[in-house]
Amino acid sequence: MDTGHQQDVDWPALEQAAKEAMERAYAPYSKFPVGAAALTEDGRIVSGCNVENASYGLTLCAECALVGQLHMSGGGRLAAFYCVDGQGNILMPCGRCRQLLYEFRAPGMQLMTTQGIKSMDQVLPDAFGPEHLEETT
Ligand code: THU
Numbered sequence: 003m004d005t006g007h008q009q010d011v012d013w014p015a016l017e018q019a020a021k022e023a024m025e026r027a028y029a030p031y032s033k034f035p036v037g038a039a040a041l042t043e044d045g046r047i048v049s050g051c052n053v054e055n056a057s058y059g060l061t062l063c064a065e066c067a068l069v070g071q072l073h074m075s076g077g078g079r080l081a082a083f084y085c086v087d088g089q090g091n092i093l094m095p096c097g098r099c100r101q102l103l104y105e106f107r108a109p110g111m112q113l114m115t116t117q118g119i120k121s122m123d124q125v126l127p128d129a130f131g132p133e134h135l136e137e138t139t
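Here it is as structure tokens:
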């Protein structure tokens, strides 16, 4: 369990930002729009939608756009995360996106899930991360 400092989170604001992002989705192939929003450690809200491609495997998940916006708006780390489907219901991030979120997590990052608020360690246990690249054999 991640015991890092947990930031106060305005969850309704994150939910709203995720829903607004979802409205921007480009998902003509799956017809499954997704919106994601996150609170940064310094209090910004960043968001993203999924953007698909005729070459289906090139689809960009909403979280890809979110981390792009994170960097374009000043960088930093993610303290809280919320993702919604086309009905506005909470959506669990896919496996690849859990890895993306892990890379940019703040200590104590909280994720809204279908089972309530969880830590990064709970949604991606035993994660591989940048720290493993430092290991020497
Ligand atoms: N999708 C996301 O944007 N994020 C996720 O974490 C799960 C899946 C998108 C990808 C694709 O455009 C659609 O949902 C259906 O898989």
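To convert, count from 1 in the sequence shown and add 2; that's the numbering used here.
Backbone N, C-alpha and C fix where the C-beta goes; we use that ideal spot for every residue, glycine too.
> Between which two residues does the beta strand (DSSP E) harbouring residue 102 extend?
Replying inline: Taken as a continuous stretch (DSSP letters only), residue 102 belongs to no beta strand (DSSP E), being part of the alpha helix (DSSP H) at 97-105.
> Buried or exposed: where does residue 107 fall if 16 or more other Cβ atoms within 10 Å of its Cβ makes it buried?
Replying inline: Answer is buried; the Cβ neighbour count reaches 16.
> Secondary structure at residue 108, three-state DSSP: helix, strand or coil?
Replying inline: Looking at residue 108 - three-state DSSP - the assignment turns out to be strand.
>> Using C-beta distances below 8 Å, list every residue in its chain close to residue 71, excluding the 5 sequence neighbours before and after it, in chain order.
In response: Around residue 71: 48, 49 and 50.
>> Tell me which residue opens and which closes the alpha helix (DSSP H) that residue 69 is part of.
In response: Its alpha helix (DSSP H) spans residues 64-74.
>> Please tell me whether, using a cut-off of 7 Å, the distance from the CB of residue 65 to the nearest non-hydrogen atom of the ligand THU is below it.
In response: At least one heavy atom of the ligand THU is nearer than 7 Å to the Cβ of residue 65, so yes.
> Does DSSP put residue 33 in a helix, a strand or coil?
Replying inline: Three-state result, residue 33: coil.
> Under a three-way DSSP split, which group does residue 90 fall into?
Replying inline: Annotated three-state conformation of residue 90 is coil, per DSSP.
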